[in-house]
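Everything on this sheet refers to the single structure shown next.
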Amino acid sequence: MGNVLNLLIRRVWISLLVLVGVSILIFLIARVIPGDPARIALGPNATDEQVIKLRGELHLDDPIWKQYGYFASELLQGDLGTSLYTNRPVVKDIAQFLPATLELVFAAGILMVMIGLPLGIISAKYEGRFLDNLIRVIALLGVSAPSFVWAVILMLLFAFFLPLFPIAGRIHTDFDIARTTGFLLIDTLLVGNLRAFFDAIWHLFLPAFALALSGIGQAARLTRANMTETYRRPYIEMAHSYGFPGWRVARKYAFKPSLIPSLTIIGLDFAAMLGNAFLVEAIFAWPGLSRYGVAVILRKDLNAIVGTVLIISAAFLIANLIVDLLIALLNPKIRYARRSP
Amino acid sequence: MKRAVRIIFATPLSVIGVILIGLVVGSAILADFITPFPSHRGTVVDFDNFNQPPDWTNIMGTDLVGRDLFTRIIYAYRISLILGIVVLLLAVPLGVTVGLMAGYLGPRVRFVLMRTTEVFLSIPPLVLAMSIMGVLEPTLINGMMAVTVMWWPWYSRLVHNLTLAEREEGYVLAAEVIGASRFHIMFVEILPNCFPAILTKMTLDLGFVILIASSLSFLGLGVQPPTPDLGSMVAEGARYLPDSWWLTVFPGLAILVAVFGFNLLGDAMREVLGTHQ
Numbered sequence: 002m003g004n005v006l007n008l009l010i011r012r013v014w015i016s017l018l019v020l021v022g023v024s025i026l027i028f029l030i031a032r033v034i035p036g037d038p039a040r041i042a043l044g045p046n047a048t049d050e051q052v053i054k055l056r057g058e059l060h061l062d063d064p065i066w067k068q069y070g071y072f073a074s075e076l077l078q079g080d081l082g083t084s085l086y087t088n089r090p091v092v093k094d095i096a097q098f099l100p101a102t103l104e105l106v107f108a109a110g111i112l113m114v115m116i117g118l119p120l121g122i123i124s125a126k127y128e129g130r131f132l133d134n135l136i137r138v139i140a141l142l143g144v145s146a147p148s149f150v151w152a153v154i155l156m157l158l159f160a161f162f163l164p165l166f167p168i169a170g171r172i173h174t175d176f177d178i179a180r181t182t183g184f185l186l187i188d189t190l191l192v193g194n195l196r197a198f199f200d201a202i203w204h205l206f207l208p209a210f211a212l213a214l215s216g217i218g219q220a221a222r223l224t225r226a227n228m229t230e231t232y233r234r235p236y237i238e239m240a241h242s243y244g245f246p247g248w249r250v251a252r253k254y255a256f257k258p259s260l261i262p263s264l265t266i267i268g269l270d271f272a273a274m275l276g277n278a279f280l281v282e283a284i285f286a287w288p289g290l291s292r293y294g295v296a297v298i299l300r301k302d303l304n305a306i307v308g309t310v311l312i313i314s315a316a317f318l319i320a321n322l323i324v325d326l327l328i329a330l331l332n333p334k335i336r337y338a339r340r341s342p
Numbered sequence: 015m016k017r018a019v020r021i022i023f024a025t026p027l028s029v030i031g032v033i034l035i036g037l038v039v040g041s042a043i044l045a046d047f048i049t050p051f052p053s054h055r056g057t058v059v060d061f062d063n064f065n066q067p068p069d070w071t072n073i074m075g076t077d078l079v080g081r082d083l084f085t086r087i088i089y090a091y092r093i094s095l096i097l098g099i100v101v102l103l104l105a106v107p108l109g110v111t112v113g114l115m116a117g118y119l120g121p122r123v124r125f126v127l128m129r130t131t132e133v134f135l136s137i138p139p140l141v142l143a144m145s146i147m148g149v150l151e152p153t154l155i156n157g158m159m160a161v162t163v164m165w166w167p168w169y170s171r172l173v174h175n176l177t178l179a180e181r182e183e184g185y186v187l188a189a190e191v192i193g194a195s196r197f198h199i200m201f202v203e204i205l206p207n208c209f210p211a212i213l214t215k216m217t218l219d220l221g222f223v224i225l226i227a228s229s230l231s232f233l234g235l236g237v238q239p240p241t242p243d244l245g246s247m248v249a250e251g252a253r254y255l256p257d258s259w260w261l262t263v264f265p266g267l268a269i270l271v272a273v274f275g276f277n278l279l280g281d282a283m284r285e286v287l288g289t290h291q
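Going down the list, the sequences are from chains A and B. Residue numbers for the first sequence follow this note's numbering, beginning at 2 and rising by one. Residue numbers for the second sequence follow this note's numbering, beginning at 15 and rising by one.
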């Protein structure tokens with residue numbers, strides 16, 4: 002375990018460094034904006050004195066590295082400034098909208114693993130046969146359309162033509178659930194309302210599936226590619242010749258070594274889903290970060306843009322950290338290594 | 015040339031891919047001749063025929079101001095393809111150069127370049143492009159820039175990994191021994207050996223650039239009306255679901271067809287050229 006812990010500490014350290022890099026990058030992007038941020042913030046009717054005053058307050062006349070210093074020290078105190086769009090602290094806005102987005106992304110992540118990996122395993126086991134080709138085409142179709150297209154198609158098919166699922170929203174308006182965590186699946190359980198809990202899942206399914214489709218395709222394709230390579234190894238032949246049942250060989254001997262590269266891709270897809278959630282939320286009127294994010298971008302609300310991107314990147318880095326940890330735990334080469342590599 | 019033929023006829027799926035790409039690219043080039051109402055790509059208004067379901071004159075129906083949807087989709091292909099090609103022409107040389115330098119020029123250069131690359135890769139791609147569009151005006155040129163900024167790091171990572179493997183090869187050592195310049199070794203010796211992987215990725219990416227660009231314009235952060243764009247067509251039509259389903263379904267399927275075609279071909283290239291990553 003010592004090795005895994007060392008690795009974890011190193012990864013946390015690197016992630017923090019990368020996060021500093023991200024904050025610099027986002028800060029620079031926000032500062033190359035054409036035009037005066039102070040004037041944009043105050044609107045066209047502001048007087049020159051007001052603009053000069055706000056420029057002073059925002060430290061806009063200082064050199065850029067000094068500006069970043071102010072920004073970073075506020076950031077360390079958990080302050081992302083005030084949104085010009087809602088007139089509230091950006092941290093509060095994000096805290097309000099982020100849980101709905103994360104709930105959607107987590108649900109999609111679970112679907113991706115639970116559907117994508119088995120599809121890949123089946124595909125590899127029946128390599129070259131009809132089932133394999135069918136799964137490959139489906140997986141490729143999944144990655145070939147942006148998630149808003151899948152959202153539209155799924156909504157038309159399973160909410161309008163076959164009214165199996167609700168059309169929009171997170172939960173039926175009849176339920177009035179006290180907000181504790183912002184995650185409806187947790188909040189409904191906290192108040193012990195099971196009907197509301199299942200209603201929330203029922204609302205969650207279609208958007209999560211639309212969001213997951215490209216990840217499912219990606220996970221299936223990669224698992225298949227790795228497993229077909231593993232199948233050519235001699236030890237698989239040995240397992241077969243011992244007379245182990247085909248599924249046991251597939252699961253225990255061919256899939257396990259292929260899981261590690263698949264996990265890496267799942268981490269990357271998780272990042273993509275944090276972005277793609279914006280697209281799905283727009284179609285399903287999901288009250289997450291999307292509407293806020295797009296609104297602040299269209300209004301050039303710099304503090305809010307910087308805050309949203311930073312939080313999403315942090316979420317992505319944490320997800321990748323978890324993936325790295327899982328890989329370290331699964332990989333005997335790392336687990337049993339004398340020193341961390 | 016022989017290899018190209020082998021790629022195209024590798025599997026039935028790759029043939030389908032080439033046919034799809036041919037249809038998309040061909041229709042985009044010949045848009046002026048094959049679309050029934052070429053003027054509908056602009057700000058034409060025909061309120062007698064607005065929001066009509068598909069029929070024999072308008073095979074994909076008409077939009078909210080009466081323009082032929084099929085015509086607009088073909089012209090949208092033209093813009094998507096131009097955008098995709100321009101983005102790759104900008105992003106690939108940049109990413110490849112960074113990757114070569116990071117892989118060949120020693121640990122310090124590698125540290126700086128690859129950590130920078132990592133920073134770009136740790137912002138979800140769409141979010142990075144969105145935040146760039148956030149500070150710029152939403153125009154076609156700016157959209158190309160935003161997508162380029164998010165795209166080059168993938169090439170620098172790919173080429174960096176390839177270079178690390180290639181520089182141990184005998185031919186690199188031979189070139190070093192006869193005193194070839196580092197520029198010569200990177201661009202004349204190593205780079206050609208990276209071409210198969212780069213070309214495969216470019217084929218796959220042409221589809222994905224179209225996909226990301228349509229996502230940006232779906233959010234209202236890309237090409238602006240009246241320029242026809244698949245993403246903004248879906249966004250506009252989404253408000254009229256389910257009754258005016260053709261407004262969203264056909265542009266959506268149009269994206270799917272184009273990206274699917276490039277993916278099929280890219281897969282075939284991967285198999286024939288042996289460029290698994």
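For every residue, glycine included, the Cβ atom is placed at its ideal position computed from N, Cα and C. Predicted model only: the values in this text are computed from it and were never measured.
query: For a contact meaning CB atoms closer than 7 Å, what does Ala-252/B contact in chain A?
result: On the second sequence, residue 252/B is found 238 positions in, with the first residue counted as 1. Per Cβ cutoff of 7 Å: Val-153 and Ile-284.
field: Selection from Val-271/B, Val-263/B, Asp-69/B and Leu-37/B that minimises the alpha carbon distance to Ile-154/A
entry: In the first sequence, the residue the question calls residue 154/A occupies position 153. Nearest option by C-alpha distance: Val-263/B.
message: Is Phe-197/B a contact residue of the ligand MN, with contact defined as CB to any heavy atom under 8 Å?
response: In terms of ligand content, the structure shown is empty, and the ligand MN therefore cannot be addressed.
- prompt: Is the CB of Thr-224/A under 9 Å away from at least one CB in chain B?
  reply: By 1-based counting over the first sequence, the position of residue 224/A is 223. Taking Cβ atoms only, chain B never reaches closer than 9 Å to Thr-224/A, which makes this a no.
- prompt: First and last residue of the alpha helix (DSSP H) that includes Arg-284/B?
  reply: The residue labelled residue 284/B in the question sits at position 270 within the second sequence. Counting along the chain, the alpha helix (DSSP H) containing Arg-284/B begins and ends at 260-287.
message: Suppose the cutoff is 8 Å on Cβ atoms and the five residues either side in sequence are ignored; what does the same chain contact list for Met-158/B look like?
response: For the purposes of this step, residue 158/B is taken as the residue at position 144 of the second sequence. Beyond the five residues adjoining it in sequence on each side, Met-158/B comes within less than 8 Å, by CB distance, of Leu-97, Val-100, Val-101 and Leu-104 in the same chain, given in chain order.
- request: Could you check the C-alpha separation between Gly-40/B and Ile-306/A for me, to the nearest Å?
  value: In the second sequence, residue 40/B corresponds to position 26, counting from 1. In the first sequence, residue 306/A corresponds to position 305, counting from 1. Each residue's Cα considered, the two are about 40 Å apart.
query: What residue does the alpha helix (DSSP H) around Met-164/B start on, and which one ends it?
result: Locating residue 164/B in the second sequence gives position 150, counting from the first residue. Under the DSSP assignment, Met-164/B falls in the alpha helix (DSSP H) whose first and last residues are 154-180.
- prompt: How long is the line joining the alpha carbons of Tyr-232/A and Ala-221/A, rounded to whole angstroms?
  reply: Taking the first residue of the first sequence as 1, we reach residue 232/A at position 231. Taking the first residue of the first sequence as 1, we reach residue 221/A at position 220. Going by the C-alpha atoms only, they are around 16 Å apart.
query: How about Ile-30/B and Leu-287/B: are their beta carbons less than 9 Å apart?
result: The residue given as residue 30/B occupies position 16 in the second sequence. The residue given as residue 287/B occupies position 273 in the second sequence. The answer is no: Cβ separation not under 9 Å.
message: Assuming contact is defined by CB atoms lying nearer than 9 Å, are Leu-95/B and Ile-204/B in contact in what I supplied?
response: One-based indexing of the second sequence puts residue 95/B at position 81. One-based indexing of the second sequence puts residue 204/B at position 190. Judged by beta-carbon spacing, Ile-204/B lies beyond the 9 Å limit of Leu-95/B, meaning their Cβ atoms are not closer than that value.
- prompt: Quick one: Cα of Gly-251/B to Cα of Leu-207/A, how far?
  reply: Working through the second sequence from its first residue, we reach residue 251/B at position 237. Working through the first sequence from its first residue, we reach residue 207/A at position 206. Answer to the nearest angstrom: the Cα atoms are 19 Å apart.
task: Indicate the three-state DSSP secondary structure (helix, strand or coil) for Pro-342/A in the structure shown.
output: Taking the first residue of the first sequence as position 1, residue 342/A is located at position 341. Note on Pro-342/A: pLDDT 39, under 50, position unreliable in the model; no value is reported.
- prompt: Taking only runs of the alpha helix (DSSP H) that begin and end inside the segment 102-133 of chain A, which ones reach a length of at least 4 residues, in chain order?
  reply: 118-126
- request: Could you pull out every residue in the same chain whose Cβ sits closer than 8 Å to the Cβ of Glu-75/A, ignoring the five residues on either side in sequence?
  value: Locating residue 75/A in the first sequence gives position 74, counting from the first residue. Here the set comprises Leu-81 and Gly-82.
message: Closer than 7 Å between beta carbons: that is the criterion. Which residues of the segment 257-279 of chain A meet it against chain B?
response: Ala-272, Ala-273, Leu-275, Gly-276, Asn-277 and Phe-279
query: Count the other CB atoms within 10 Å of the CB of Leu-44/B; is the residue buried (16 or more) or exposed (fewer)?
result: In the second sequence, the residue the question calls residue 44/B occupies position 30. It counts as exposed.
task: Classify Ser-242/A as buried or exposed, calling it buried when 16 or more other Cβ atoms lie within 10 Å of its own Cβ.
output: Position 241 of the first sequence holds residue 242/A. Answer is exposed; the Cβ neighbour count stays below 16.
- prompt: Is there a Cβ from chain B that is less than 9 Å from the Cβ of Ala-39/A?
  reply: One-based indexing of the first sequence puts residue 39/A at position 38. It does not; no Cβ of chain B falls within 9 Å.
Beta bridge counterpart(s) of Asp-219/B as assigned by DSSP: One-based indexing of the second sequence puts residue 219/B at position 205. DSSP output for Asp-219/B lists no bridge partner at all.
query: Across which residues does DSSP place Thr-174/A in a beta bridge pair?
result: Taking the first sequence and counting its residues from 1, the one referred to as residue 174/A is at position 173. Beta-bridge pairing links Thr-174/A to no other residue.
field: Nearest-angstrom Cβ-Cβ length linking Leu-26/A and Val-133/B, presumed shorter than 8 Å
entry: Working through the first sequence from its first residue, we reach residue 26/A at position 25. Working through the second sequence from its first residue, we reach residue 133/B at position 119. That belief holds up - the Cβ atoms of Leu-26/A and Val-133/B are roughly 6 Å apart, short of 8 Å.
query: Excluding five sequence neighbours on each side, which residues of the same chain lie with their C-beta closer than 6 Å to the C-beta of Pro-342/A?
result: Taking the first residue of the first sequence as 1, we reach residue 342/A at position 341. Reliability fails at Pro-342/A, whose pLDDT of 39 lies under 50, so the model's placement of it is uncertain and the value that follows must be treated cautiously. Cβ within range, chain order: n/a, list empty.
Whole-angstrom C-beta distance between Asp-63/A and Ala-293/A, which should lie under 8 Å: Counted from its first residue, the first sequence places residue 293/A at position 292. Counted from its first residue, the first sequence places residue 63/A at position 62. The question names Ala, yet the displayed sequence has Tyr at residue 293/A. Not quite, the Cβ-Cβ distance comes to about 29 Å (not below 8 Å), so this is no contact.
query: In its own chain, which residues sit with a C-beta less than 7 Å from the C-beta of Tyr-254/B, not counting the 5 before and 5 after it?
result: Residue numbering aside, residue 254/B sits at position 240 when the second sequence is read from its first letter. Closer than 7 Å at the Cβ level, and outside the excluded window around Tyr-254/B, lie Leu-261.
- prompt: Rounded C-beta distance between Leu-20/A and Ala-315/A? I'm assuming under 8 Å.
  reply: Residue mapping note: residue 20/A aligns to position 19 of the first sequence, counting from 1. Residue mapping note: residue 315/A aligns to position 314 of the first sequence, counting from 1. Correct: roughly 6 Å between the Cβ atoms.
- request: Taking a Cβ distance cut-off of 7 Å, strictly less, list which residues of the segment 94-115 of chain A are near chain B, in chain order.
  value: none
query: Of the residues Met-147/B, Met-115/B, Asp-62/B and Phe-276/B, which one's Cα is nearest the Cα of Ser-231/B?
result: Here the question's residue 231/B lines up with position 217 in the second sequence. Nearest of Met-147/B, Met-115/B, Asp-62/B and Phe-276/B to Ser-231/B, Cα basis: Met-147/B.
query: Using a Cβ cut-off of 9 Å, which residues of the segment 250-275 of chain B contact any Cβ in chain A, in chain order?
result: Gly-251, Ala-252, Leu-255, Pro-256, Trp-259, Thr-262, Val-263, Pro-265, Gly-266, Leu-267, Ile-269, Leu-270, Val-271, Ala-272, Val-273, Phe-274 and Gly-275
query: Is Leu-212/A near Val-114/A, with beta carbons less than 9 Å apart?
result: What you label residue 212/A is simply residue 211 of the first sequence in a count that begins at 1. What you label residue 114/A is simply residue 113 of the first sequence in a count that begins at 1. Not a contact, by the Cβ cut-off of 9 Å.
query: Does any residue of chain A bring its CB to less than 9 Å from the CB of Arg-86/B?
result: Residue numbering aside, residue 86/B sits at position 72 when the second sequence is read from its first letter. Not closer than 9 Å to any Cβ of chain A, the Cβ of Arg-86/B fails to qualify, so no.
- request: Check the DSSP bridge columns for Thr-83/A and list the partner residues they point to.
  value: Position 82 of the first sequence, counted from the first residue, corresponds to residue 83/A. Note: Thr-83/A sits in a beta bridge opposite Pro-90/A.
message: Closer than 9 Å between beta carbons: that is the criterion. Which residues of the segment 128-150 of chain A meet it against chain B?
response: Asn-134, Arg-137, Val-138, Leu-141, Leu-142, Val-144, Ser-145, Ala-146, Pro-147, Ser-148, Phe-149 and Val-150
Cβ neighbour criterion (16 or more within 10 Å) applied to Ile-217/A: Taking the first residue of the first sequence as position 1, residue 217/A is located at position 216. Buried: at least 16 other Cβ atoms inside 10 Å.
task: Would you grab the beta carbon distance between Val-150/A and Val-248/B for me? Rounded to a whole angstrom, and I think it's under 8 Å.
output: Working through the first sequence from its first residue, we reach residue 150/A at position 149. Working through the second sequence from its first residue, we reach residue 248/B at position 234. That belief holds up - the Cβ atoms of Val-150/A and Val-248/B are roughly 7 Å apart, short of 8 Å.
- prompt: Any C-beta of chain A sitting closer than 9 Å to the C-beta of Thr-130/B?
  reply: Here residue 130/B corresponds to residue number 116 of the second sequence, with the count starting at 1. Chain A, which has a Cβ nearer than 9 Å to the Cβ of Thr-130/B, makes this yes.
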